[in-house]
Each structure stands twice: as structure tokens, then as C-alpha cells.
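Heads up: the sequence shown is residues 180 to 316, going by the working numbering.
Cβ coordinates follow ideal geometry from the N, Cα and C atoms, glycine included.
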Amino acid sequence: MLSISFFDLAHNALNSLGFLKGNLWFFAGVIFFAVVASFIPEPTLTPTSDVKGRKKNGDEGGKDIMKKHRRQVLFSGIVTVVGISLHNFPEGMAVFLGSLKGLRVGINLALAIALHNIPEGVAVALPVYFATQRHSN
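(1) Decide if GLY300 is buried, meaning its Cβ has at least 16 other Cβ atoms within 10 Å, or exposed.
(2) Between which residues of its own chain and GLY256 is the CB-CB distance below 7 Å, once the five residues before and five after are set aside?
(3) Where does ALA216 land, buried or exposed, given buried means 16+ other C-beta within 10 angstroms?
(4) Taking the C-alpha atoms as reference points, what is the distance between SER278 and ASN191?
(5) When burial is assigned at 16 or more other CB atoms within 10 Å of the CB, is VAL274 buried or exposed?
(6) Would you mind giving the Cβ-Cβ distance between LEU193 and GLY201, rounded to the nearest angstrom? I have them listed as a contact below 8 Å.
(7) Tell me whether LEU288 is buried or exposed, calling it buried when 16 or more other Cβ atoms sit within 10 Å of its Cβ.
(8) Just verifying my parser: in three-state terms, what is the DSSP assignment at PRO298?
(9) Would you call the CB atoms of ILE286 and GLU270 closer than 7 Å?
(10) To the nearest angstrom, report how far apart THR259 and PHE185 are at their CA atoms.
(11) With respect to the alpha helix (DSSP H) encompassing LEU193, which residues constitute its N-terminal and C-terminal limits?
(12) Taking only the alpha-carbon atoms, compute the straight-line gap between SER264 and GLY197 and give it to the nearest angstrom.
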């Protein structure tokens, strides 16, 4: 998807907008992405079994650790939902603009995007399912 955007859409944008405006908008997008990425937390590796801390607190069952782990997994699912939602907006715009060019182009583009959305849906559903243990959410 990234190569399609860069090699096809960027070439057309440079032809229609001109070299200067096309590059300015490209780098404006890069800066926008950097700002958005600065708000997304970096993943950290935290140990899930802290034997010394559990013995001091008297928690031998590990239920607190499991609750914390489920919250972390649920948060990762929510971040994935937000990311994919931001990702799907330009896809919808691409289908719309492709449909303006021709119905066949719009349908083919919609089918291609629908096929690539299947693994995205699984990527969202699995963390939420493992965090809640319910498939109804």
C-alpha cells in the first residue's frame, strides 16, 4: 500500500501540482505523521513475574499481574483501532476518487482494499478478545 501511494499517487500529484507544491505537501505529510507518532507510546518489555515484589505485597496468586496484563493487551487493541481508523480514511478517499474516474476502477480498488482489511480486522480483534475473553466486544 505504501509503494502504491508513493510511486503512483506521488507521481500524479507532482504532475498536477508541480514540483514545489507536490514536495511541500509531501513533507507536510511527513511532519504530520511525526507529530501523530510522537503521541503513540513506545512498546516496553516489562517482566510479568516479579517474585520479590509479590512476596513483599503478599500476592502469591498472580491475579493482579493477570489484570495488569489484560489492561495492557486491551490498550494495545485500542491503539490498533485508532491507528487503523486513521489508516482507513485515506483508503475511503482513494475508493471515492477512483470511483469518480470510473466505476470499474472504483470497484476493483474497493475489492482490493476489502481483501487487505481482513488481516487488519484480525489484528484489532485478537488483542481485544484476549483481554476480555469475550467475542461480543
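Reading off the structure:
(1) GLY300 should be labelled exposed.
(2) Cβ within range, chain order: VAL303, PRO306, VAL307 and ALA310.
(3) By the beta-carbon neighbour count (other beta carbons within 10 angstroms, threshold 16), ALA216 is exposed.
(4) Each residue's alpha carbon lies about 17 Å from the other.
(5) Using a 10 angstroms sphere on the CB of VAL274, the tally of other CB atoms reaches 16 or more, which defines it as buried.
(6) Sure, about 4 Å apart at Cβ, within 8 Å.
(7) Classification for LEU288: buried.
(8) Correct three-state label for PRO298: helix.
(9) No, the pair does not count as a contact, with Cβ atoms beyond the cut-off.
(10) Going by the C-alpha atoms only, they are around 23 Å apart.
(11) Annotation: the continuous alpha helix (DSSP H) that includes LEU193 extends over 189-196.
(12) Taking the straight line joining both Cα atoms gives about 30 Å.
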